[in-house]
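Protein chains: 2
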Amino acid sequence: MGSYETKFKKFLNEERKIVEKKLSEALKNRKPDSLYKPGYYIIEGGGKRLRPLLVLMAAKAVGGKLKKAYNAAAAVELLHNFTLVHDDIMDNADKRRNILTVHKKYDMSTAILAGDSLLSIAYEYLLKDCNGTAKKVLSAFTKGLVEVCEGQSLDKEFEIRKAVTIDEYIEMIEKKTAAMIEMCCTVGALLGGGSAKEIKNLADFGKNIGIAFQIQDDLLDITGNENDFGKLVGGDLVEGKKTFLFLKALEVSKGTDKKKLLEVVNNKGIKPEQIQNYKDLYQKLNILEEAEKEIRHYTNLALKSVKKIRNEEYRVFFGSLADSLIKRKK
Amino acid sequence: MGSYETKFKKFLNEERKIVEKKLSEALKNRKPDSLYKPGYYIIEGGGKRLRPLLVLMAAKAVGGKLKKAYNAAAAVELLHNFTLVHDDIMDNADKRRNILTVHKKYDMSTAILAGDSLLSIAYEYLLKDCNGTAKKVLSAFTKGLVEVCEGQSLDKEFEIRKAVTIDEYIEMIEKKTAAMIEMCCTVGALLGGGSAKEIKNLADFGKNIGIAFQIQDDLLDITGNENDFGKLVGGDLVEGKKTFLFLKALEVSKGTDKKKLLEVVNNKGIKPEQIQNYKDLYQKLNILEEAEKEIRHYTNLALKSVKKIRNEEYRVFFGSLADSLIKRKK
Chain A
16 MGSYETKFKK FLNEERKIVE KKLSEALKNR KPDSLYKPGY YIIEGGGKRL RPLLVLMAAK
76 AVGGKLKKAY NAAAAVELLH NFTLVHDDIM DNADKRRNIL TVHKKYDMST AILAGDSLLS
136 IAYEYLLKDC NGTAKKVLSA FTKGLVEVCE GQSLDKEFEI RKAVTIDEYI EMIEKKTAAM
196 IEMCCTVGAL LGGGSAKEIK NLADFGKNIG IAFQIQDDLL DITGNENDFG KLVGGDLVEG
256 KKTFLFLKAL EVSKGTDKKK LLEVVNNKGI KPEQIQNYKD LYQKLNILEE AEKEIRHYTN
316 LALKSVKKIR NEEYRVFFGS LADSLIKRKK
Chain B
16 MGSYETKFKK FLNEERKIVE KKLSEALKNR KPDSLYKPGY YIIEGGGKRL RPLLVLMAAK
76 AVGGKLKKAY NAAAAVELLH NFTLVHDDIM DNADKRRNIL TVHKKYDMST AILAGDSLLS
136 IAYEYLLKDC NGTAKKVLSA FTKGLVEVCE GQSLDKEFEI RKAVTIDEYI EMIEKKTAAM
196 IEMCCTVGAL LGGGSAKEIK NLADFGKNIG IAFQIQDDLL DITGNENDFG KLVGGDLVEG
256 KKTFLFLKAL EVSKGTDKKK LLEVVNNKGI KPEQIQNYKD LYQKLNILEE AEKEIRHYTN
316 LALKSVKKIR NEEYRVFFGS LADSLIKRKK
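Protein chains in written order, with my numbering: chain A, 16 to 345; chain B, 16 to 345.
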């Protein structure tokens, strides 16, 4: 196992560099600058590059070649950044990855169009890697796009709606976050020439780890360390977001506790000085444990898929990835 | 010829109905409503459906079957409406086709997302009609998308820039308007099973008629009849738009005439009461004739392509379409 772990780290480092180069090339030397500089700005702003790495890992896991999936790897990251640019406008976010969001650095029109163009280049790159599989690969990618729009719309809808059930919440993050992770695994497995069974298995991995990833995100918002996290701990409560933790708390609470939670809904958030108070309430209601349980549930589902990967090396790689995602601090 | 003309009208009426039905189906019965109702609203708002009809005509012109191109026909209209929704935000337009624009009827976030989702459904529908040709069809469609983003970015850039040449303007409308018309012809011809030569020929038709169409649009802004046109005649001058007419006028004018035109640039537009005055200047400088000459030039190029269509019926259809586009009043 030890040597596989070292190998995995090496894989991530090396492949990340290749992906970075590909992404940079994708937007350089294009005209007009007014369109492509803002796109380049968000792409160069960094990120974990989780999605492209998943494409590459999935391609290899089914016995395919990395070089047949690099353009697709770039494509999923371009698609991801398209969603970030447009989401940041909708969320009126000033910063992302510690730098100004595109609409703050430039202006709103520029950001809308830069987002659109990132999506157009995403398809352009995806097509470079598609040959016999074009229809399947593009269908998976497009399904991911359709769902991410639906997920974002549900997310915005939930901000206004008073009552949201946990099932509705899970459906929303399935579309907003997990569908895209699932798509990365599907596209990689398709390009790697995987069997229908292998493709389905990796897609399932992606979907479940995607859900776990998002609930982990909700949990980190309250348990994270300000330095690691890079943003205000408890920010979701301040913004009145209906996260897994909040909806679970609403579900299990009664009496004055429930009343206190409903105040967050009615006032559309709380004051920063109230964060500790609500954190205490979450602890009293055992919400952090409930969230951990849910994360474990979806992670275990993902790990079941990992066991079915035939290639031993990539079985370890996918296991390590799942592990690192749920142990992350940011 | 007479009977072909009647046949063409019948073709347009019948096919337009089928396209309308397909478009309506594409967005109905989808959830969430918060995402798809705004998309449905713009699609149901009407339009000439020129682009889907071109897809169908191109498919038939090369001997293909209409039923193999209906989904693609819907796709190009969905793509077109995606550009309208986002452009209207960027242009801060209140109305389109005499009804409120999506961001005015709903809000900006809703409109951004509705636009994104129209694009996602466009790809979904295009994929329905793609089989062996998937890569080529999707590449043509994606090239159209890349170019329409570039064209819109140039258009916004020209609004701010003081000096724009006529060549730069033609490049902009090639990308913003003509590339999409060209793509419709290419996609139709591909799906209809046309030869490389036939595809190129119809693509050329689309590109040239697209340029003619846009210059005609610029001309109608000043020569149009308020009732036919449905918006303020001279609106481009009021907004200080650098249209073909305006740039031509700048190019040929001297002395006080040129100074008067530069005032439009510096003041970013004129007052409505000045429209007649500038219209007189255009007339003095022979600008309306210059625009007509340019429209004729590109229309003639398009008609050269029409002559090469082997199918006699569709040769007449394409000729009639070119004719109706340059004779249109709105």
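All C-beta atoms, glycine included, are put in the ideal place defined by N, C-alpha and C. Just so we're clear, the structure is a prediction, and the values are computed from it rather than from any experiment.
In the DSSP assignment, the alpha helix (DSSP H) including residue i goes from what residue to what residue?
i, result
"P287 of chain A", "From DSSP, P287 of chain A is part of no alpha helix (DSSP H); its letter is neither H nor E."
"A47 of chain B", "The sequence shown places Pro at residue 47 of chain B, not Ala. Per DSSP, P47 of chain B belongs to no alpha helix (DSSP H) and is neither H nor E."
"V202 of chain B", "194-206"
"R112 of chain A", "From DSSP, R112 of chain A is part of no alpha helix (DSSP H); its letter is neither H nor E."
"E181 of chain A", "Sequence inspection shows Ile at residue 181 of chain A; the Glu mentioned does not correspond to that position. Residues 181-188."
"T148 of chain A", "T148 of chain A -> no alpha helix (DSSP H), and no H or E assigned at all."
"D232 of chain A", "211-238"
"Y313 of chain B", "302-322"
"A74 of chain A", "65-76"
"L81 of chain B", "Where L81 of chain B is concerned, there is no enclosing alpha helix (DSSP H), given that its DSSP letter is neither H nor E."
"R176 of chain B", "It is not in any alpha helix (DSSP H) - R176 of chain B carries neither H nor E in the DSSP assignment."
"R330 of chain B", "327-342"
"Y121 of chain B", "Element bounds for Y121 of chain B: n/a, residue is neither H nor E."
Beta carbon of residue i, beta carbon of residue j: below 8 Å?
i, j, result
"S168 of chain A", "L93 of chain B", "no"
"K158 of chain B", "A89 of chain B", "no"
"C200 of chain A", "L69 of chain A", "yes"
"L252 of chain B", "I196 of chain B", "no"
"L141 of chain A", "F97 of chain A", "no"
"F332 of chain A", "M123 of chain A", "no"
"L205 of chain B", "S135 of chain A", "no"
"K171 of chain B", "M105 of chain B", "yes"
"Q229 of chain B", "I181 of chain B", "no"
"A227 of chain B", "I341 of chain B", "yes"
"P53 of chain B", "A126 of chain B", "yes"
"G249 of chain A", "K344 of chain A", "no"
"I57 of chain A", "V100 of chain A", "yes"
"S154 of chain B", "L217 of chain B", "no"
"H118 of chain B", "D102 of chain B", "no"
"A74 of chain A", "A84 of chain A", "yes"
"E328 of chain B", "K22 of chain B", "yes"
"A264 of chain B", "L296 of chain B", "yes"
"S335 of chain B", "E20 of chain B", "yes"
"K294 of chain B", "G255 of chain B", "no"
"A211 of chain A", "D144 of chain A", "no"
"G61 of chain B", "R112 of chain B", "yes"
For residue i, decide whether its Cβ has a neighbour in chain E, counting only Cβ atoms nearer than 8 Å.
i, result
"D272 of chain A", "The structure shown contains no chain E; its protein chains are A and B."
(message) By the 7 Å beta-carbon criterion, what residues does the region 97-118 of chain A contribute toward chain B?
(response) H101, I104, M105
(request) Scan the region 36-64 of chain A for residues whose Cβ lies nearer than 7 Å to a Cβ of chain B and list them as they occur along the chain. (result) P47, S49, L50
(request) Enumerate, from N- to C-terminal direction, the unbroken alpha helix (DSSP H) stretches of 4 or more residues contained entirely within the region 244-277 of chain B. (result) 250-253, 259-267
(message) Taking beta-carbon pairs under 7 Å, can you tell me which members of the region 158-171 of chain A lie near chain B?
(response) L160, V161, C164, E165, Q167, S168, L169, K171
(message) So, does the region 269-279 of chain B touch the region 303-319 of chain B, judging by three or more C-beta pairs under 8 Å?
(response) no
(request) Flag this pair as touching only if the region 147-163 of chain A and the region 25-34 of chain B have three or more C-beta atom pairs under 8 Å; answer yes or no. (result) no
(request) Below 8 Å between beta carbons is the criterion; list the residues of the region 133-154 of chain A that meet it against any residue of chain B, in chain order. (result) L134, S135, I136, Y138, E139, L142, C145, N146, A149, K150, L153, S154
(request) Kindly confirm or deny that the region 221-229 of chain A and the region 313-328 of chain A touch, where touching means at least three C-beta pairs closer than 8 Å. (result) yes
(message) Which residues of the region 183-206 of chain B have a Cβ closer than 9 Å to any Cβ of chain A? Give them in chain order.
(response) none
(request) For the region 221-241 of chain B, enumerate the residues whose C-beta is nearer than 7 Å to any C-beta of chain A, in chain order. (result) none
(message) Taking 8 Å as the cut-off, does the region 105-114 of chain B touch the region 230-239 of chain B (at least 3 CB pairs, one atom from each stretch)?
(response) no
(request) Could you list the residues in the region 328-343 of chain A with a C-beta less than 9 Å from some C-beta on chain B, going in chain order? (result) none
(request) Name, going along the chain, the residues of the region 80-94 of chain A whose beta-carbon falls closer than 9 Å to a beta-carbon of chain B. (result) none
(message) If the cut-off is 9 Å on Cβ atoms, which residues from the region 290-302 of chain A count as contacting chain B, listed in chain order?
(response) none
(request) Pull out every residue of the region 258-271 of chain A whose Cβ sits closer than 8 Å to any Cβ of chain B, in chain order. (result) none
(message) Along the region 119-131 of chain A, where does the CB come closer than 7 Å to a CB of chain B? Name the residues.
(response) S124, I127, L128, D131
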